[in-house]
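Chains A and B, in that order, give the protein sequences.
Note that the numbering used here has the first sequence beginning at 667, numbered continuously upward.
Note that the numbering used here has the second sequence beginning at 667, numbered continuously upward.
Even for Gly, the Cβ is constructed at its ideal location relative to N, Cα and C.
Report on the following structure.
2 protein chains.
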Amino acid sequence: MSTIFVVGIGPGAYEKMTIEAADALRNCDVIIGYTVYVDLVKEHFAGKEFLTTPMRKEVERCRLAFETAAEGKQVAMICSGDAGVYGMAGLMYELSEEWPDIEIKVIPGVTAATGGAAVLGAPLIHDFALISLSDLLTPWEKIEKRLLLASEADFVICLYNPGSHKRADYLEKACDLMLRYKAPETVCGIVSQIGRDGETSRTMTLAELRNTKVDMFTTVFIGNSQTKEIRDHMVTPRGYRYE
Amino acid sequence: MSTIFVVGIGPGAYEKMTIEAADALRNCDVIIGYTVYVDLVKEHFAGKEFLTTPMRKEVERCRLAFETAAEGKQVAMICSGDAGVYGMAGLMYELSEEWPDIEIKVIPGVTAATGGAAVLGAPLIHDFALISLSDLLTPWEKIEKRLLLASEADFVICLYNPGSHKRADYLEKACDLMLRYKAPETVCGIVSQIGRDGETSRTMTLAELRNTKVDMFTTVFIGNSQTKEIRDHMVTPRGYRYE
């Protein structure tokens with residue numbers, strides 16, 4: 667039985683990949699992924715065969731992985747961040763029923779939530795909820811409900827896909843929903859291009875976040891009621907008592 | 667200005683550490699951490715000075731890191747998983763106000779949620795909430811509220827610290843709360859000793875999970891209404907349409 671490795675390469679920089687992920691890419695014949703991610707790893711894995719499909723061609727990309735593995739090649743399918751967080755691991759398992767002789771092994775990586783948190787300080791130290799604002803595959807009503815209930819529960823919230831050209835006002839809409847339960851002065855932070863050239867980050871209040879424009883390479887963090895700003899960093903206390 | 671690296675070493679196995687984390691440990695003079703985590707990395711970083719404090723001595727451990735850095739030594743403070751997810755990064759920032767000349771840099775790692783998800787299949791492909799059942803530092807009423815609202819919002823839920831000797835019935839209590847909104851046949855999974863010797867995993871229904879005993883080395887996953895079992899794995903669809 668052959669195995670396809672579904673590999674999370676982390677936020678982008680080679681050093682943010684796990685040793686296990688780098689080993690899997692070194693030991694495979696073919697690396698398959700979205701064009702942008704293949705470009706991120708290419709220089710570190712010379713001599714491999716690279717196959718790419720554009721965005722929105724996820725099903726084709728998965729089928730390509732199975733077909734290539736069925737030819738007897740060792741395949742690694744790469745995803746940015748963690749392959750299991752809004753990544754391709756799920757679809758690979760769903761399609762794998764058509765290829766019962768091929769096994770899937772997921773190799774975890776650093777997702778944008780924890781990669782971005784490390785840049786901002788320590789926003790995710792306590793219970794948090796991860797919500798994607800993309801309504802391409804999820805009805806907006808469901809996203810809205812999750813934003814409201816997660817805010818009512820006082821979770822730290824991390825938003826993936828907070829905006830794009832088409833969805834320019836989604837972050838503003840999300841902030842208005844969160845403001846029903848979270849205070850306007852709630853400490854928030856944004857990180858763009860995590861672990862890549864041009865990485866930037868900023869802390870601000872939820873009221874300020876509402877009027878901030880973000881793109882699809884930005885990850886957004888909204889604190890809980892205890893999150894504070896310490897030395898320009900966003901920090902959520904765990905609750906250890908100290909004098 | 668000197669810098670302390672707060673390093674997430676991942677679930678435990680050396681290969682699950684990022685390249686950046688391994689570099690930070692190789693380049694430091696002193697590695698500080700909870701005894702169990704220091705034992706996990708010791709053999710890979712021979713020649714370093716190792717300092718440990720037991721569990722519940724987190725504040726002392728952080729002060730030790732600052733005092734050692736103030737002596738001019740390069741310090742790495744290690745945490746299992748990601749240092750920013752129920753880890754020491756928050757407390758390090760909080761205490762850092764007493765040491766304004768020392769900078770903190772967090773190096774992210776694979777947390778148990780994504781490490782465990784990779785073992786089970788792909789349970790976290792869509793929006794999820796991370797909740798710790800430990801009421802040592804959080805009032806149980808707050809945990810209860812978060813379990814209820816996260817279930818009502820149909821999040822996939824990942825539970826950290828689901829049980830211990832003292833809290834033997836906490837998972838059962840948590841399941842009863844989640845069962846108010848989630849169906850008894852909701853697909854769930856548990857993983858123990860992620861990435862370490864003796865790693866085990868199991869998928870089951872929420873009704874079965876309610877009657878399952880777990881320890882503090884177990885991470886628990888409760889699916890959303892769409893999570894399914896595919897080839898013995900726990901898989902949450904993202905929603906890509908395919909025929």
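{"query": "The region 802 to 812 of chain B / the region 772 to 788 of chain B touching (three or more Cβ pairs under 8 Å)", "result": "no"}
{"query": "Residues of its chain near Thr701 of chain A, where Cβ-Cβ distance is below 7 Å and the 5 sequence neighbours each way are ignored", "result": "Thr718, Pro720"}
{"query": "Inter-residue Cα distance where the pair is Leu875 of chain B and Leu837 of chain B", "result": "8 Å"}
{"query": "Inter-stretch contact at 8 Å, needing at least 3 Cβ pairs: the region 743 to 757 of chain A / the region 861 to 874 of chain A", "result": "no"}
{"query": "Beta-carbon gap between Asp793 of chain A and Phe821 of chain A smaller than 9 Å", "result": "yes"}
{"query": "Ile773 of chain B: contacting residues in chain A (beta-carbon distance under 7 Å)", "result": "Ala784"}
{"query": "DSSP beta-bridge partners of His899 of chain A", "result": "A:Ile896"}
{"query": "Runs of beta strand (DSSP E) lying entirely within the region 710 to 788 of chain A, each at least 3 residues, in chain order", "result": "715 to 719, 741 to 745, 768 to 773"}
{"query": "Inter-stretch contact (C-beta, 8 Å, three-pair minimum) for the region 878 to 889 of chain B and the region 700 to 714 of chain B", "result": "no"}
{"query": "Residue of A:Met758, A:Trp765, A:Met667, A:Thr780 minimising C-alpha distance to Val772 of chain A", "result": "A:Met758"}
{"query": "Rounded distance between the beta-carbons of Val672 of chain A and Ile797 of chain A, thought under 8 Å", "result": "Their Cβ separation, rounded to whole angstroms, is 23 Å, which puts Ile797 of chain A and Val672 of chain A out of contact at 8 Å."}
{"query": "Ala784 of chain A vs Ile823 of chain A beta-carbon contact at 9 Å", "result": "no"}
{"query": "Three-state secondary structure (DSSP) of Glu909 of chain A", "result": "Annotation note: pLDDT 39 at Glu909 of chain A (below 50); position unreliable, coordinate value reported separately. It is coil, neither helix nor strand."}
{"query": "C-beta atoms of Val707 of chain B and Ile675 of chain B nearer than 9 Å", "result": "yes"}
{"query": "Whether Leu691 of chain B touches Lys714 of chain B by CB criterion (9 Å)", "result": "yes"}
{"query": "Rounded C-alpha distance that separates Leu790 of chain A from Glu737 of chain A", "result": "43 Å"}
{"query": "Cβ of Ser746 of chain B within 9 Å of any chain A Cβ", "result": "no"}
{"query": "Residues of the region 725 to 759 of chain B whose Cβ lies closer than 8 Å to any Cβ of chain A, in chain order", "result": "Val725, Asp748, Ala749, Gly750, Val751, Tyr752, Gly753, Ala755, Gly756, Leu757, Met758, Tyr759"}
{"query": "Three or more C-beta pairs below 8 Å linking the region 888 to 902 of chain B and the region 850 to 857 of chain B", "result": "yes"}
{"query": "heavy atom of the ligand SAH below 8 Å from Phe732 of chain B C-beta", "result": "Although the ligand SAH was asked about, the structure shown includes no ligands whatsoever."}
{"query": "Own chain, CB closer than 8 Å to Lys832 of chain A, minus 5 neighbours either side, in chain order", "result": "none"}
{"query": "Counted within 10 angstroms of its Cβ, other Cβ atoms place Glu909 of chain B as buried (16 or more) or exposed", "result": "Here Glu909 of chain B scores only 39 on pLDDT, less than 50, and its place in the model should not be relied on; the value that follows carries that caveat. Per the 10 Å Cβ criterion, exposed."}
{"query": "Ordered list of beta strand (DSSP E) runs contained in the region 815 to 880 of chain B, each at least 3 residues", "result": "822 to 826, 853 to 858, 866 to 871"}
{"query": "Residues, ordered as in the chain, of the region 880 to 900 of chain B that lie near chain A by beta-carbon distance below 7 Å", "result": "Ile896, Arg897, His899"}
{"query": "Thr804 of chain A (DSSP reduced to helix, strand or coil)", "result": "coil"}
{"query": "Listed by chain order, chain A residues near Ser798 of chain B by CB distance under 7 Å", "result": "Asp793"}
{"query": "Which of helix, strand or coil DSSP assigns to Ala690 of chain B", "result": "helix"}
{"query": "Residue burial classification, Asp748 of chain A (beta-carbon count within 10 angstroms, cutoff 16)", "result": "buried"}
{"query": "C-beta atoms of Gly781 of chain A and Gly861 of chain A nearer than 9 Å", "result": "yes"}
{"query": "Element boundaries [beta strand (DSSP E), containing Thr884 of chain B]", "result": "884 to 888"}
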